[in-house]
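2 protein chains.
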Amino acid sequence: MKKTAIAIHGGAGTILRNRMTPEKEKKYKAGLREALILGNELLEKGGKALDVVEEVVKVLENNPLYNAGKGAVFAADGTHLLDASMMCGDTLKAGAIAGVRRVKNPITLARAVMDQSAYVMMVGEGAEAFAKQQGITFESEDYFFDQLRYDQWQRVKDTPMTILDHTDKGEKNFSTVGAVALDQYGNLAAATSTGGMTNKQFGRVGDTPIIGSGCYAENETCAVCCTGHGEPFIRSVVAFDVSRLMAYKGLSLEEAAKEVVMKKLVERDGEGGLIAVDREGNISLTFNCEGMYRGSMVSGGEGYVAIYGDE
Amino acid sequence: MKKTAIAIHGGAGTILRNRMTPEKEKKYKAGLREALILGNELLEKGGKALDVVEEVVKVLENNPLYNAGKGAVFAADGTHLLDASMMCGDTLKAGAIAGVRRVKNPITLARAVMDQSAYVMMVGEGAEAFAKQQGITFESEDYFFDQLRYDQWQRVKDTPMTILDHTDKGEKNFSTVGAVALDQYGNLAAATSTGGMTNKQFGRVGDTPIIGSGCYAENETCAVCCTGHGEPFIRSVVAFDVSRLMAYKGLSLEEAAKEVVMKKLVERDGEGGLIAVDREGNISLTFNCEGMYRGSMVSGGEGYVAIYGDE
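For the record, the sequence lines run as chains Z and X. Count the first sequence with my numbering and you get residues 1150 to 1460, in order. Count the second sequence with my numbering and you get residues 1150 to 1460, in order.
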């Protein structure tokens, strides 16, 4: 069996030990481990990278700990506006949705856009109409409710303030979820999903559904998912830049990720990080802030789950 | 005075001489020349690249010949869904809007997103609410009406078919508009705007409002605007790829544009082209289809306007 590899994240930011309890840490790490073990099992059984990243992101979307799907943050209008995207490194096909309401698993809608339409990206009510046509599962707004997210929103509601979920001082400082994988067939894939920023206004879209910025995959180089402050990530076309540094300058995955996250994004006040995997199963979990909820596992390995920078 | 340069386009595709009359050609070229001369004048007077590309795109949006602003194609619901983006090569700031209705000049809304918000991208009704708050000019749906666009839509309405405006057999085969410029201060900028595809459904978004794909600018390399079949352009992150080939492989602007448009996009069935300018005022007008409505002018020059590949 050829080597397989998976990496996941549940957001990055100012995640500090002194705001954590051992109990909370345990919960967060258990959520990551659950997703990671599922992904690794599917890959070891011969699952395709594209299917595996979708399944793993669904698990993270269904977990209210993370700001994606159930547990997504509140937008300014009191609803949950969901963004997601995915890309197949083999075919270079991609699917993305933005500003969608009440779709249980946004990543599955992104997958449907990719597989069942001639488009790459759909937004808003149009994307919801497509979801209905495709038989995608919707939930009531109540399904997405989370008390802590609601309390976060109440503090900034009716103000022009938005808060990056991960810089809020509350307990569940997550922002985005994502997964990248290498399967037995040498294929790479990336998938990412988010509820964006608490109290976001005006149909704001971050980097998550932007192919090239929040998500990119290409078998020749790597699969990348980003998490962080969306605006500098869009302007820096982060995911594709990592891929180009490998393709055009011959950098290793780790060198390319460091160049973009630890140099370029730092210069541009782009707080956050990324997860990435290359065709040889090398994994990079790189971030320029205090912490990133993250994990990785290669076939036959025990897996690694961590939160802070020194783990 | 330092050299200035501007390039514009009004769409690319299967533009054939045998479907043209001398009169139509004249009209199309006059529209391009008008925009080009304005852009060059503003640049020679000391205008900033960012302001100039906005003004030039506004002229093209206001001209019903082009599929942007007035004269935009009809979406499946009979409205006009407008996308636009722009980027400043000096600050790397960017603004983008997608799926917006009734905004007279979508590029001006993209500029407002860039200058007056903390966001890079807004979509749908949220973006419209922001436009209202900013005092952006709206028009009635009637303003955008164009008989030929309407007739094109009638032919595919109530079918699942969409048509790329430029591959339709009608007379006004335009698709997107765009402008890139170098000003006297060495700053680059790019701006692009479109109505997308006739009968597009489900809130489809093409490459035009995607920073990195349809639009990118960075003083160290180049400013790029794309026009063509949006989906392969998104998946190939075209505009940023041109910039990366210059930055990481040391290619010239023309070499980089050719590598992406004539090789990579051709392999990926990505019909279309791009306009680009670098910090030395070199201009590339590169396309892999029969024609591209295009023009360029450097300070003190006479300017160049063309439609077909052999001009």
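Backbone N, C-alpha and C fix where the C-beta goes; we use that ideal spot for every residue, glycine too.
Taking only beta-carbon positions, decide if residue i is within less than 8 Å of chain Z.
i        : result
R1251(X) : no
K1398(X) : yes
I1383(X) : yes
A1179(X) : no
Q1350(X) : yes
G1162(X) : no
E1380(X) : yes
D1459(X) : no
R1298(X) : no
Please look up how many angstroms separate the CB atoms of residue i and residue j, rounded, as I've assumed it's under 8 Å.
i        : j        : result
A1355(Z) : T1343(Z) : Here residue 1355(Z) is Gly; the residue named in the question, Ala, does not match the sequence. Contact flag correct, Cβ pair sits at about 7 Å.
Q1350(Z) : A1225(Z) : 4 Å
F1436(X) : F1389(Z) : Between F1389(Z) and F1436(X) the Cβ distance is about 22 Å, and since that is not below 8 Å, they are no contact.
G1444(X) : A1366(X) : Rounded, the Cβ-Cβ distance is 19 Å, inconsistent with contact.
R1250(Z) : T1228(Z) : 5 Å
A1233(X) : P1358(X) : 6 Å
L1181(X) : I1157(X) : 6 Å
L1209(X) : A1184(X) : 5 Å
K1152(Z) : S1448(Z) : 6 Å
M1235(Z) : E1203(Z) : 7 Å
L1231(X) : P1255(X) : 4 Å
Strictly below 7 Å CB to CB, what residues from chain Z border residue i?
i        : result
F1389(X) : G1361, V1386, F1389
Is there at least one Cβ from chain X nearer than 8 Å to residue i's Cβ?
i        : result
A1338(Z) : no
F1436(Z) : no
A1243(Z) : yes
N1167(Z) : no
R1353(Z) : yes
G1440(Z) : no
Going by beta-carbon coordinates alone, are residue i and residue j separated by less than 8 Å?
i        : j        : result
S1385(Z) : G1160(Z) : no
V1415(X) : V1391(X) : no
C1374(X) : G1327(X) : yes
G1422(X) : C1438(X) : yes
G1273(Z) : G1244(Z) : no
G1440(Z) : Y1453(Z) : no
V1201(Z) : L1192(Z) : yes
R1417(X) : L1241(Z) : yes
R1298(X) : G1220(X) : yes
A1338(Z) : A1198(Z) : yes
N1368(X) : N1348(X) : no
L1331(X) : R1428(X) : yes
F1279(X) : S1289(X) : no
Q1283(Z) : A1259(Z) : no
V1222(X) : M1346(X) : yes
S1362(Z) : I1383(Z) : yes
V1269(X) : I1360(X) : yes
N1189(X) : M1446(X) : yes
Quick one: list the residues of chain X neighbouring residue i, beta-carbon separation under 7 Å, in chain order.
i        : result
F1279(Z) : F1351
V1269(Z) : E1380, I1383, R1384
Just the chain X side, please: which residues come within less than 9 Å of residue i by C-beta, in chain order?
i        : result
R1443(Z) : The contacting residues do not exist; R1443(Z) stays about 25 Å from chain X at best.
R1417(Z) : L1241
Residue i versus chain Z: which residues are under 8 Å apart at the beta carbon?
i        : result
A1276(X) : F1351, G1352
G1248(X) : V1272, G1273, G1275
Quick one: list the residues of chain X neighbouring residue i, beta-carbon separation under 8 Å, in chain order.
i        : result
L1231(Z) : Within 8 Å Cβ-Cβ: nothing; L1231(Z) doesn't reach chain X, min ~12 Å.
R1260(Z) : Under the 8 Å cutoff, chain X gives no residues; its nearest Cβ is about 15 Å from R1260(Z).
A1366(Z) : The premise fails here: A1366(Z) is roughly 10 Å from chain X at the closest Cβ pair, so nothing lies under 8 Å.
By the criterion of Cβ-Cβ separation under 9 Å, what are the contact partners of residue i in chain Z?
i        : result
L1394(X) : R1393, Y1397
Looking at the ligand SAH, does it come within less than 7 Å of residue i, judged from the CB to the closest heavy atom?
i        : result
I1186(X) : With respect to small molecules bound, the structure shown includes none, and the ligand SAH cannot be examined in it.
Exercise for review: Counting only runs of 3+ residues fully inside the segment 1406-1449 of chain X, write out the beta strand (DSSP E) ranges in chain order.
Suggested key: 1421-1427, 1432-1436, 1440-1447
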